[in-house]
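S.K.: Input: one structure, supplied below.
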(Lines of atoms letter the chains of each structure in order from A and count residues from 1; the text may use other names and numbers.)
(Lines give C-alpha, C1' and ligand atoms only; values in the text may rest on other atoms or scores of the structure.)
Protein backbone atom coordinates (compact mmCIF):
# COMPACT_ATOMS: atom_id res chain seq x y z
CA UNK A 1 0.00 0.00 0.00
CA UNK A 2 1.73 3.21 -1.16
CA UNK A 3 1.66 6.63 0.47
CA UNK A 4 3.51 9.93 0.39
CA UNK A 5 4.45 12.99 2.40
CA UNK A 6 3.72 15.56 -0.28
CA UNK A 7 6.48 15.57 -2.86
CA UNK A 8 9.19 14.82 -0.27
CA UNK A 9 8.80 11.13 0.50
CA UNK A 10 7.10 8.19 -1.16
CA UNK A 11 6.61 5.09 0.93
CA UNK A 12 5.17 1.62 0.69
CA UNK A 13 3.89 -0.61 3.46
CA UNK A 14 4.87 -4.26 3.21
CA UNK A 15 2.78 -7.04 4.75
CA UNK A 16 5.82 -8.44 6.58
CA UNK A 17 5.82 -5.42 8.91
CA UNK A 18 8.16 -2.89 7.34
CA UNK A 19 7.94 0.31 5.36
CA UNK A 20 10.19 1.29 2.44
CA UNK A 21 10.68 5.05 2.15
CA UNK A 22 12.24 6.93 -0.76
CA UNK A 23 13.01 10.62 -0.28
CA UNK A 24 12.86 12.77 -3.42
CA UNK A 25 15.96 14.29 -5.03
CA UNK A 26 17.35 17.40 -3.36
CA UNK A 27 14.82 17.34 -0.52
CA UNK A 28 15.47 18.31 3.10
CA UNK A 29 14.26 15.42 5.26
CA UNK A 30 13.34 17.07 8.54
CA UNK A 31 12.15 16.05 12.00
CA UNK A 32 8.47 16.61 11.12
CA UNK A 33 8.88 14.36 8.07
CA UNK A 34 10.38 11.60 10.21
CA UNK A 35 7.58 11.89 12.76
CA UNK A 36 4.90 11.70 10.06
CA UNK A 37 6.56 8.73 8.38
CA UNK A 38 7.09 6.76 11.58
CA UNK A 39 3.60 7.61 12.87
CA UNK A 40 2.11 6.36 9.58
CA UNK A 41 3.98 3.07 10.01
CA UNK A 42 2.94 2.77 13.67
CA UNK A 43 -0.68 3.42 12.73
CA UNK A 44 -0.57 0.88 9.89
CA UNK A 45 1.12 -1.91 11.82
CA UNK A 46 -0.20 -1.24 15.33
CA UNK A 47 2.99 -2.59 16.88
CA UNK A 48 6.67 -3.14 16.15
CA UNK A 49 7.81 -2.41 12.60
CA UNK A 50 10.93 -1.87 10.50
CA UNK A 51 12.07 0.94 8.23
CA UNK A 52 14.05 0.65 5.00
CA UNK A 53 15.44 3.92 3.66
CA UNK A 54 15.79 3.44 -0.09
CA UNK A 55 18.37 6.13 -0.92
CA UNK A 56 17.93 6.36 -4.66
CA UNK A 57 18.45 10.15 -4.60
CA UNK A 58 20.74 12.62 -2.85
CA UNK A 59 19.04 14.65 -0.13
CA UNK A 60 19.86 16.19 3.23
CA UNK A 61 18.83 14.85 6.62
CA UNK A 62 18.28 17.02 9.69
CA UNK A 63 20.37 15.49 12.50
CA UNK A 64 17.32 15.73 14.78
CA UNK A 65 15.79 12.91 12.73
CA UNK A 66 18.15 10.47 14.45
CA UNK A 67 16.84 11.52 17.86
CA UNK A 68 13.31 10.74 16.67
CA UNK A 69 14.41 7.34 15.37
CA UNK A 70 16.19 6.54 18.63
CA UNK A 71 13.14 7.54 20.68
CA UNK A 72 10.79 5.08 18.97
CA UNK A 73 10.21 1.90 20.95
CA UNK A 74 8.11 0.47 18.12
CA UNK A 75 10.89 0.75 15.51
CA UNK A 76 12.65 -2.62 15.60
CA UNK A 77 15.32 -2.02 12.94
CA UNK A 78 16.42 0.34 10.19
CA UNK A 79 18.11 -0.59 6.93
CA UNK A 80 19.60 1.84 4.43
CA UNK A 81 20.04 0.95 0.77
CA UNK A 82 22.87 2.90 -0.89
CA UNK A 83 23.24 3.40 -4.64
CA UNK A 84 26.05 5.91 -5.12
CA UNK A 85 29.15 7.23 -3.41
CA UNK A 86 27.72 10.42 -1.96
CA UNK A 87 25.40 8.36 0.26
CA UNK A 88 28.25 6.49 1.95
CA UNK A 89 29.53 9.28 4.25
CA UNK A 90 26.00 10.01 5.49
CA UNK A 91 25.38 6.34 6.20
CA UNK A 92 28.64 6.09 8.13
CA UNK A 93 27.71 9.18 10.14
CA UNK A 94 24.37 7.62 11.06
CA UNK A 95 26.09 4.87 13.01
CA UNK A 96 27.29 7.55 15.45
CA UNK A 97 23.73 8.69 16.14
CA UNK A 98 21.90 5.37 16.07
CA UNK A 99 23.14 3.62 19.18
CA UNK A 100 20.09 1.67 20.31
CA UNK A 101 18.39 1.13 16.95
CA UNK A 102 19.46 -2.00 15.06
CA UNK A 103 20.93 -0.61 11.84
CA UNK A 104 22.53 -1.98 8.67
CA UNK A 105 23.47 -0.75 5.19
CA UNK A 106 23.03 -2.59 1.90
CA UNK A 107 23.66 -2.08 -1.79
CA UNK A 108 20.57 -3.99 -2.96
CA UNK A 109 16.99 -3.49 -1.83
CA UNK A 110 16.30 -7.23 -1.91
CA UNK A 111 19.12 -7.90 0.58
CA UNK A 112 17.78 -5.18 2.89
CA UNK A 113 14.33 -6.78 2.78
CA UNK A 114 15.73 -10.22 3.64
CA UNK A 115 17.65 -8.75 6.58
CA UNK A 116 14.62 -6.76 7.74
CA UNK A 117 12.33 -9.81 7.72
CA UNK A 118 14.91 -11.64 9.83
CA UNK A 119 15.13 -8.75 12.31
CA UNK A 120 11.35 -8.55 12.58
CA UNK A 121 10.98 -12.31 13.07
CA UNK A 122 13.41 -12.07 15.99
CA UNK A 123 10.90 -9.68 17.57
CA UNK A 124 7.90 -11.89 16.80
CA UNK A 125 6.69 -9.77 13.87
CA UNK A 126 5.59 -11.22 10.55
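Numbering (the working numbering), first residue to last: 19 to 144. Every residue gets a Cβ at the ideal spot worked out from N, C-alpha and C, and that includes glycine.
1) Taking the straight line between their C-alpha atoms, what separation do you get for residue 44 and residue 81?
2) If you draw a straight line from the alpha carbon of residue 78 to that of residue 140, how long is it in whole angstroms?
3) From the DSSP output, read off the bridge partner residues of residue 143.
4) How big is the Cα-Cα spacing for residue 74 and residue 30?
5) If you run the structure through DSSP and keep just helix, strand and coil, what is residue 135?
6) Return helix, strand or coil for residue 114, following the three-state DSSP convention.
7) Find the nearest neighbour of residue 101 within the set 130, 85 and 118, judged by alpha-carbon distance.
8) Which one or two residues does DSSP pair with residue 63 in a beta bridge?
M.R.: So, to answer that:
1) 16 Å
2) 32 Å
3) None; residue 143 has no bridge partner.
4) 15 Å
5) helix
6) helix
7) 130
8) According to DSSP, residue 63 bridges with nothing at all.
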